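Engineer: Could you have a look at this structure, given as structure tokens, before my questions?
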Amino acid sequence: MLEFLQEAAESYGIRVFDNIDLSRIDSLAGQSRIIANALIERGDARAFAMGRRMLSELEASR
């Protein structure tokens, strides 16, 4: 999951993280879910696919 988060930050930066306060979310899974949804909503096709993969991995790890 950390690889996805790093790639999202490097590739999409402000477009994805604008208006998101990750410091209010304690768990890595919670932060990942928020970032995945932001990628799906705000990104291009690659970001959408990355967001879906992140959500899929989060569901599998439940």
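Letter by letter, the sequence shown follows residues 149 to 210 of this note's numbering. All residues carry an ideal CB built from backbone N, CA and C; glycine is no exception. Note that the coordinates shown come from a computational prediction; the quantities given were computed from them, not determined experimentally.
Can you grab the Cα-Cα spacing for the pair ALA208 / ILE182, in whole Å?
Structural biologist: About 17 Å.
Engineer: By alpha-carbon positions, which one of GLU158, GLY199 and LEU153 ends up nearest to LEU187?
Structural biologist: Of GLU158, GLY199 and LEU153, the residue nearest in Cα terms is GLY199.
Engineer: Short of 6 Å in beta carbon distance, which residues of its chain neighbour MET149, apart from the five on each side in sequence? Order them along the chain.
Structural biologist: For MET149, where only same-chain residues beyond five positions count, the Cβ hits under 6 Å are SER180.
Engineer: Expressed to the nearest angstrom, what Euclidean distance is found between the alpha-carbon atoms of PHE165 and ARG210?
Structural biologist: PHE165 and ARG210: Cα-Cα distance of roughly 25 Å.
Engineer: Does ARG190 come out as helix, strand or coil in the three-state DSSP assignment?
Structural biologist: Here ARG190 sits in helix by DSSP.
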